[in-house]
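Enquirer:
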Amino acid sequence: MLRQAFLLINTATVSGVVGLARGDEVLAQASLQLATASNTVVAAVDQVLVEAGCTLDEVAGIVLVKGPGTFTGSRVGASIAKAIAYVVPCSLLSVTTLEAVAWSGFLTSTTQATDGPVWALLDARRHEFYVQEFSVRNGAIVSQADAVCLGPGAFDTVRDVGGLATCAFSPAAVPENQRPHERENVVWSFDVYPSCAGILAASAGARSEDPFTLEPLYLRSTEELFDHPKVAL
Amino acid sequence: MRILGIETSCDDTAAAVVDDTGLVLSSVISSQDAFHRKYDGIVPEIASRRHTATIIASVDEALLQAGMRIRDVDGIAVTCGPGLIGSLLVGVETAKGLAYASGKPLIPVNHLEGHVMASFLRDPASDLQPLTADDFPLLALIVSGGHTELVYVDRWHHYRVLGATRDDAAGETLDKFAKYLGLGYPGGPVVQKIGATGDPSYHSFPRVTFSRGGYEFSFSGLKTAGINYVKSLTSEELKAHLPDIVASFESAVVGELAGKSLRAAHNLSPRTLTVVGGVAANKRLRDNFARAGDVRVYFPPMKYCTDNGAMIAYAGTRRAMLGVRAAIDLDACSSLGIEDSSLNT
Ligand SMILES: [Zn+2]
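Those protein sequences? They're chains A and B, same order as listed.
Our numbering applies: residue 485 is where the first sequence begins, and numbers increase by one.
Our numbering applies: residue 31 is where the second sequence begins, and numbers increase by one.
#1: Any beta carbon from chain A within less than 8 Å of L352 of chain B's own beta carbon?
#2: Applying a beta-carbon distance threshold of less than 9 Å, which residues of chain B neighbour K566 of chain A?
#3: Let me check you understand the geometry: is the CB of C40 of chain B closer than 7 Å to at least one non-hydrogen atom of ligand 1?
#4: What's the call for G346 of chain B, buried or exposed, on a 16-neighbour Cβ count within 10 Å?
#5: Ligand 3 and G176 of chain B: does any heavy atom of the ligand fall closer than 7 Å to the residue's C-beta?
#6: I want to see whether chain A comes within less than 8 Å of R22 of chain B, judged by CB atoms only; does it?
#7: Flag this pair as touching only if the region 37-47 of chain B and the region 512-524 of chain A have three or more C-beta atom pairs under 8 Å; answer yes or no.
#8: Chain A partners of G359 of chain B, CB-CB under 7 Å?
#9: Run through chain A and tell me which residues come within less than 7 Å of A131 of chain B, C-beta to C-beta.
#10: Give the residues of chain B in contact with R621 of chain A, contact being defined as C-beta atoms less than 9 Å apart.
#11: When the Cα atoms are used, what is the spatial distance from V602 of chain A to D630 of chain A?
#12: For a test of your reading of the model: does the CB of G307 of chain B fall under 7 Å from any non-hydrogen atom of ligand 1? Yes or no.
#13: Between D361 of chain B and the rest of its own chain, which residues show a CB-CB distance below 8 Å, the 5 nearest in sequence each way excluded?
#14: Using the DSSP secondary-structure output, state which residues sit across from P138 of chain B in a beta bridge.
#15: For V560 of chain A, decide whether its Cβ has a neighbour in chain B, counting only Cβ atoms nearer than 8 Å.
#16: Looking at the unbroken alpha helix (DSSP H) that takes in S575 of chain A, where does it start and where does it end?
#17: From what residue to what residue does the beta strand (DSSP E) around P601 of chain A run?
#18: So which residues of chain B does D530 of chain A contact, with C-beta pairs closer than 9 Å?
#19: Any heavy atom of ligand 1 inside 7 Å of the beta-carbon of D694 of chain A?
#20: Please list, in chain order, all residues of the same chain as I106 of chain B whose beta carbon is under 6 Å from its beta carbon, the five residues on each side excluded.
#21: Comparing the CB of D198 of chain B with every heavy atom of ligand 1, is any distance shorter than 7 Å?
#22: Verify the contact flag: D337 of chain B, CB atom, against every heavy atom of ligand 1, threshold strictly below 7 Å.
#23: Less than 8 Å between CB atoms is the rule here; does S679 of chain A satisfy it with respect to chain B?
#24: On the CB-based measure, 16 or more other CB atoms within 10 Å of its CB, does S132 of chain B come out buried or exposed?
#25: Quick one: residues in its chain with C-beta nearer than 8 Å to the C-beta of G71 of chain B, no 5 flanking neighbours on either side, listed in chain order?
#26: For the beta strand (DSSP E) holding N494 of chain A, just list the boundary residues, first then last.
#27: Ligand 1 and H145 of chain B: does the residue's C-beta get closer than 7 Å to at least one heavy atom of that ligand?
#28: Quickly, what does DSSP pair D157 of chain B with across the bridge? List them, please.
#29: I'd like to confirm something about H141 of chain B: is its beta-carbon nearer than 7 Å to some heavy atom of ligand 1, or not?
#30: Look at the alpha carbon of P552 of chain A and the alpha carbon of G353 of chain B, and state the distance between them as a whole number of angstroms.
#31: What's the C-alpha gap between D63 of chain B and T304 of chain B?
#32: So L168 of chain B and T302 of chain B are supposed to be a Cβ contact under 8 Å. How far apart are they, rounded?
#33: Between S563 of chain A and chain B, is the shortest Cβ-Cβ distance under 8 Å, so that the two count as touching?
#34: Roughly how many whole angstroms lie between the Cα atoms of G193 of chain B and D50 of chain B?
#35: So, at 8 Å on beta carbons, what are the nonlocal neighbours of E369 of chain B in its own chain, with the 5 sequence-adjacent residues on each side left out?
#36: With 8 Å set as the bound, which would you pick, yes or no: does the beta-carbon of P695 of chain A sit closer than that to a beta-carbon of chain B?
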């Protein structure tokens, strides 16, 4: 049997998705509500395989959105992707949440830029945001800079350059004084979460991973988080 | 029947293969102590990250040591609770992925049942005679950094909790006392080492007694008394008598554990008393059980007292033989009690 299908998994954002694709076509997909049902991801994998009439024997690889995002969500997806890739065995590819969001927002944007800056923004909690600048070149999203974690100044950074800003959060998560206003050089697109089409498109630039060693992309080190731990005596 | 067991409830990433006689075919434990030491305690986020990083390598090594591929096992058992939720999730979701992709049955295991089942493991390298079905009914003292429970087990998978700690676990109490004294983490082994040369009667710490004569434990008062006592000393006194003070404190903790367990054994006449969990490695605790009388007291080999995959694999084997299976949407439960996992067999 030909191995041609790819399993797509995003559990790094509150709205997640599992899909099955062959070539450029998404054959089946299932959305995931990870805040309340992180235990349903394997069932969703089964569901998309059944819907597409495929078996794991036909899966050539897994494309995992490996973070940044929610820590637990990222680990759930990584654990499952690693386990399946180890057993089948099949290739394991990763894209970052920012790449997947940029692609997902770009593909659905009504004001589709043919070139120019595209931003991906994620809520990093603690009043901070993960931000990465991309640009459109020959119809593809290309990274312009490494992802960074910024405070509310993230929005100024985007406005300094302009372009399409795809945000994996709702407008309510934007600080009051940073809310979008009319006549600015940024097209804000909210509630953009990695879609199957976006993950698939991003997978053209995916990294090849080893199921023995893959870890989610956290962007926040444990040293940064815990060097002043509150361990109660 | 051979079952792969996966355990990630706390800070050890463990995988093992065990057969239905309890024979341990492999047992791999990846310790995270080095990552938590600088915080003097387990940091849940670090534990979850380490589990995710190492779990597939641990599973692969366990299969390799057992001379097997995943297709050769008859099922995959995993700890689904109790424990740290983020840590449990890594094991549970990994096991679900492995079971789904290999078409093997997934078997949910209660971590506390796993500790009890460690008493039945047969280790090729150990002379110890493990428990058998003839040893029921048994009394199990499960005592570790996370748990302190006295459980009556009249037959396989039948659990009645006689008493548990109302506050800190016994191992946690030793850890916190060691931390206060600046002795490092984990506290259990260092307390045992320093206390070994001390006089346990040097200072008498207060014992907690509950009026109804039950089997409940409480260690927070003892911990506070220990810290207050240390505070009352001059640094010269502390330095001169550190082994005595540590031995006295350790003695109070293990005396509480052994005293209640032996009283339960006297009242309920089980055939066997088994002491499991990380604190079962404590020598002073073992010595305290020397006066057990008629009841046989069993301590599993040290490596099966602390968290391990073999105990989960064997508990899984017993459950698999009864047809217990988990659904594909199995979830982890941080507060799962051992009685929640009793079966009406
Ligand atoms: Zn344990």
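Built from N, CA and C at the ideal position, the CB exists for glycine as well.
Note that the structure is predicted; figures quoted are calculated from it, not measured.
Expert: Based on what the coordinates show:
#1: Taking CB atoms only, L352 of chain B has no neighbour in chain A less than 8 Å away.
#2: At a beta-carbon threshold of 9 Å, the residues of chain B lying near K566 of chain A are T82, I85, I86, T124, G127, ordered along the chain.
#3: Look at C40 of chain B: its beta carbon is less than 7 Å from one of the heavy atoms in ligand 1.
#4: Flag for G346 of chain B reads buried.
#5: Annotation note on ligand 3: not contained in the displayed structure, which lists ligand 1 as its ligands.
#6: For residue 22 of chain B there is no data in the structure shown, the boundaries of chain B being 31 and 375.
#7: Touching, no.
#8: In the sequence as displayed, the identity of residue 359 of chain B is Asp instead of Gly. Near D359 of chain B (Cβ distances below 7 Å), the residues of chain A are N523, T524, A527.
#9: What A131 of chain B touches in chain A: L540, A567, I568, V571, V572.
#10: Going along chain B, no residue has its Cβ under 9 Å from R621 of chain A, so there is no contact; the nearest lies around 34 Å.
#11: Just so you know, the alpha carbons of V602 of chain A and D630 of chain A end up roughly 13 Å apart.
#12: A heavy atom of ligand 1 is found nearer than 7 Å to the CB of G307 of chain B.
#13: Take D361 of chain B, set aside five residues on each side of it, and the residues of its chain with a beta-carbon closer than 8 Å to its own are C110, V122, in chain order.
#14: Partner(s): B:V108.
#15: Cβ-Cβ to chain B under 8 Å: yes for V560 of chain A.
#16: Counting along the chain, no alpha helix (DSSP H) covers S575 of chain A; the unbroken beta strand (DSSP E) around it starts and ends at 575-579.
#17: First-last of the beta strand (DSSP E) with P601 of chain A: 600-607.
#18: Near D530 of chain A (Cβ distances below 9 Å), the residues of chain B are Y130, I358.
#19: Annotation for D694 of chain A indicates a beta carbon at 7 Å or more from all heavy atoms of ligand 1.
#20: Cβ within range, chain order: L34, A125, L128, A129, K134, L136.
#21: Placement of the Cβ of D198 of chain B at a distance of 7 Å or more from every heavy atom of ligand 1 is found.
#22: At a cut-off of 7 Å, the beta-carbon of D337 of chain B counts as near ligand 1: some heavy atom of the ligand is closer than that.
#23: So, not an interface residue.
#24: By the neighbour-count rule (16 or more Cβ atoms within 10 Å), S132 of chain B is buried.
#25: Excluding sequence neighbours, G71 of chain B sits near D205, K209, Y215.
#26: N494 of chain A -> beta strand (DSSP E) spans 489-494.
#27: Yes, since a heavy atom of ligand 1 falls inside the 7 Å radius drawn around the Cβ of H145 of chain B.
#28: D157 of chain B is not bridged to any residue.
#29: In this structure, ligand 1 has a non-hydrogen atom nearer than 7 Å to the beta-carbon of H141 of chain B.
#30: Rounded to the nearest angstrom, the two C-alpha atoms are 40 Å apart.
#31: Straight across, the Cα-Cα distance linking D63 of chain B with T304 of chain B is about 27 Å.
#32: At roughly 4 Å, the Cβ-Cβ gap stays under 8 Å, so L168 of chain B and T302 of chain B are in contact.
#33: At a cut-off of 8 Å between beta carbons, S563 of chain A contacts chain B.
#34: Their Cα atoms are separated by approximately 30 Å.
#35: Hits under 8 Å: Y189, R190, V191.
#36: For P695 of chain A, the answer is yes, since a Cβ of chain B falls inside 8 Å of its Cβ.
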